[in-house]
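Numbering (our numbering), first residue to last: 1 to 68.
We put the CB at the ideal spot given by N, CA and C, even for glycine.
This one's a predicted model, so the numbers in the text were calculated from it and none came from an experiment.
Accompanying notes for the structure given below.
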Amino acid sequence: MAIIVNVDVMLAKRKMQSKELAEILGMTQANMSVLKTGKAKGIRFDTLQAICKALDCQPGDVLEYVAD
Numbered sequence: 001m002a003i004i005v006n007v008d009v010m011l012a013k014r015k016m017q018s019k020e021l022a023e024i025l026g027m028t029q030a031n032m033s034v035l036k037t038g039k040a041k042g043i044r045f046d047t048l049q050a051i052c053k054a055l056d057c058q059p060g061d062v063l064e065y066v067a068d
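Quick look at the structure:
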């Protein structure tokens with residue numbers, strides 16, 4: 001089971017840099033990089049909600065399930 005994080009895709013669609021999103025969310029660029037590269041072990045719902053609000057998208061736009 002693999003969960004793919006598509007934050008980088010949504011950033012490109014919104015023509016926003018990860019640095020800008022990190023500032024909006026109040027997180028470090030290092031943590032944004034971990035999330036963006038898919039190396040995060042989890043994501044809090046309040047963080048997911050803030051990402052969706054900032055990028056004007058749905059959770060399904062950010063997270064994707066891919067079978068092994």
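In this structure, what does DSSP give as the bridge partners for L63?
Beta-bridge partners of L63 (DSSP): V5.
Under 8 angstroms between the Cβ atoms of V5 and G38?
Yes, the pair counts as a contact, with Cβ atoms nearer than the cut-off.
Within the continuous alpha helix (DSSP H) that includes A36, where are the two ends?
Before going further, note that residue 36 is Lys rather than Ala in the sequence given. Counting along the chain, the alpha helix (DSSP H) containing K36 begins and ends at 29 to 36.
Which residue comes first and which comes last in the alpha helix (DSSP H) that contains A54?
Start and end: 45 to 55.
Kindly indicate the opening and closing residues of the alpha helix (DSSP H) around K19.
Counting along the chain, the alpha helix (DSSP H) containing K19 begins and ends at 18 to 25.
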